[in-house]
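S.K.: Pasting a structure below so you can have a look.
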Amino acid sequence: RRATLRIGPALAHAIVPVAMVAMSADIALLRRLEELLRRQQKRQEAPGAVAAASSAAGGPPPRRAAVAMVLRVRWSDGCSRPLDLPLLRSGELERAAGAEGLVELLYILRTAREGDRWSGQVAFPGGKQEPSDRDDRATSARETFEEVGLDLETPCFRFLGCLSDRPVTGGGRKIPNFFLVPLLWLQVEAETPGLRLQASEVAAWRWVPLRALRPELVTFGLIVQDFRQPQQWAPWLPHAVLSAFEAASFPAIPLDASTTSGSADATSDDGATFTLWGLTLMATSDALVLGGGTARELAWPPIQFRSSWANFAVAALCGAAALRRPHAHRPRLRHIFALAALAAGPALAGFFCRSEIGALGAGHEVRGSVTGRTLRFTLNCRPDGCVCAALAVR
6 RRATLRIGPA LAHAIVPVAM VAMSADIALL RRLEELLRRQ QKRQEAPGAV
56 AAASSAAGGP PPRRAAVAMV LRVRWSDGCS RPLDLPLLRS GELERAAGAE
106 GLVELLYILR TAREGDRWSG QVAFPGGKQE PSDRDDRATS ARETFEEVGL
156 DLETPCFRFL GCLSDRPVTG GGRKIPNFFL VPLLWLQVEA ETPGLRLQAS
206 EVAAWRWVPL RALRPELVTF GLIVQDFRQP QQWAPWLPHA VLSAFEAASF
256 PAIPLDASTT SGSADATSDD GATFTLWGLT LMATSDALVL GGGTARELAW
306 PPIQFRSSWA NFAVAALCGA AALRRPHAHR PRLRHIFALA ALAAGPALAG
356 FFCRSEIGAL GAGHEVRGSV TGRTLRFTLN CRPDGCVCAA LAVR
């Protein structure tokens, strides 16, 4: 069952305009992304708020990595057409084209190399900022040209804007003073230039339709059997507690060749294994949530364990961390008590009445708003009888 609370005015910006109903979900998402990022540039909001705050605090200059999220539109009738931005903004793009638009996002598979913690993983083209780069845009354009041969600063592409910085993680923990900034680019010409891979950095590339990036396709099959971070943080805890955190599974989406549109340039290697997870999945989720393509984060919860109580503890910590995000609306004390009451009932039932909770099925959600923040409590009942609780605060 779903309990619906009153939605406050702070969530009004998340309502999809009526004019977008006649458009396909992909084009509607692209239109909203372009509009929001264009408004951001007009307000001259400086990107990199997280990194700027770190630098202003008196610490060393932050290290930055910029990646390019390159979007293109394929048409259902197989014809290639240039993208008319005024038509996109007016909502008349598909009507003028006489066909449905399919938006695709470019991913790369990094070459497996010894000593590189991100080798062999799915990523966006991009890399670390060099002293010669004037800004993040220059970094993403330079790295993309080096890795896949696409010159983003030509008339073939249009720079849309950048998403919020994300701290870079590795080995299960944040790397100090290192931030990733995703930048969005849109192909506006009819034909995609040929990609040229830098073999030492990139093993394959794949254009993935946004329709293949849905919350219901997220799995937790990516398992790290020796996840020993809790043992390093708190070795004094009893073995029974530490053992609950040994095997960790992370949210991931398999991007097989079958997920592509089937066009001749959809992928460079049909047999390559693309598994979207980690920071790349989080950046993808940020873009989809911003564009209204999904109301749920793809990378939530960020990690799962075999123990139900361990999952609930992680979800509670992540929910608390969300309240500390910059510019967050702080809930009042009475709202915190309401949230605790909302979460305590299903949680206790999950611990003591697993059979009853299992009979309800998986993925039940409770949604509401607290001073402009969106709350989500989810119970996932796995076949092995474990109940995984997740609490999201946005």
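Residue 6 is where the sequence shown starts when you use this note's numbering, and the numbers rise one by one after that. Even glycine gets a Cβ: it sits at the ideal position worked out from N, Cα and C.
Would you kindly work out how many angstroms separate the C-alpha atoms of residue 310 and residue 266, rounded to a whole number?
M.R.: 35 Å
S.K.: Just to confirm my understanding: we take residue 104, look at its own chain, exclude 5 residues before and 5 after, and list those with CB closer than 8 Å. What are they?
M.R.: For residue 104, where only same-chain residues beyond five positions count, the Cβ hits under 8 Å are 80, 81, 82, 84.
S.K.: Here's the rule: buried if 16 or more other CB atoms are within 10 angstroms of the residue's CB, otherwise exposed. What is residue 91?
M.R.: exposed
S.K.: Helix, strand or coil for residue 111 per DSSP?
M.R.: strand
S.K.: On a CA-only basis, which of 180, 163, 164 is nearest residue 171? Give me that one, please.
M.R.: 180
S.K.: Where in the region 59-140 do unbroken runs of the alpha helix (DSSP H), each at least 4 residues long, occur, reported from the N-terminal end onward?
M.R.: 90-95, 98-102
S.K.: Going by DSSP in three states, residue 249 sits in which element: helix, strand or coil?
M.R.: helix
S.K.: Using a beta-carbon distance below 8 Å, is residue 216 in contact with chain D?
M.R.: The structure shown contains no chain D; it is built from a single protein chain.
S.K.: Quick check: is any heavy atom of the ligand ZN less than 7 Å from the C-beta of residue 166?
M.R.: The ligand ZN is not part of this structure, which contains no ligands at all.
S.K.: Residue 164 to residue 187, Cα distance in whole Å?
M.R.: 12 Å
S.K.: Near residue 200, what residues of its chain come up, given a Cβ to Cβ distance below 8 Å and the 5 sequence neighbours on each side ignored?
M.R.: 153, 154, 155, 210, 270, 273, listed in sequence order.
S.K.: Just grab the DSSP bridge partners of residue 167 for me.
M.R.: 188
S.K.: Looking at the secondary structure, which residues open and close the beta strand (DSSP E) in which residue 280 lies?
M.R.: 280-282
S.K.: Looking at the unbroken beta strand (DSSP E) that takes in residue 209, where does it start and where does it end?
M.R.: 207-214 is the extent of the beta strand (DSSP E) around residue 209.
S.K.: Can you give me the C-alpha to C-alpha distance between residue 119 and residue 212, rounded to a whole angstrom?
M.R.: If you take the alpha carbons of residue 119 and residue 212, they lie about 27 Å apart.
S.K.: Got a sec? Which residues, its chain only, sit under 6 Å from residue 173 by beta carbon, not counting five neighbours each side?
M.R.: 180, 183, 185
S.K.: In three-state DSSP terms, what is residue 306?
M.R.: Coil.
S.K.: Determine the burial state of residue 94: buried for a count of at least 16 other Cβ atoms within 10 Å of its Cβ, exposed for fewer.
M.R.: exposed
S.K.: From residue 316 to residue 99, what distance separates their C-alpha atoms?
M.R.: 44 Å
S.K.: Give the straight-line distance between the Cα atoms of residue 321 and residue 126, rounded to the nearest whole angstrom.
M.R.: 29 Å
S.K.: If we count the other Cβ atoms within 10 Å of its Cβ and call it buried at 16 or more, is residue 246 buried or exposed?
M.R.: exposed
S.K.: Is the beta carbon of residue 157 sitting closer than 8 Å to the one on residue 292?
M.R.: Contact annotation: residue 157 and residue 292 have beta-carbon atoms that are not nearer than 8 Å.
S.K.: Determine the DSSP secondary structure at residue 257, reduced to helix, strand or coil.
M.R.: strand
S.K.: From residue 70 to residue 203, what does the alpha carbon distance come to, in whole angstroms?
M.R.: 18 Å
S.K.: Taking just the CA atoms, how far does residue 102 sit from residue 86?
M.R.: Their Cα atoms are separated by approximately 8 Å.
S.K.: If distances are taken between C-alpha atoms only, which option among 161, 139, 131, 304 comes closest to residue 115?
M.R.: 131
S.K.: Can you look up residue 178 in the DSSP assignment and give me helix, strand or coil?
M.R.: strand
S.K.: Tell me, to the nearest whole angstrom, how far the beta carbon of residue 304 is from that of residue 280; I am working on the premise that it is less than 8 Å.
M.R.: Contact flag wrong, Cβ pair sits at about 13 Å.
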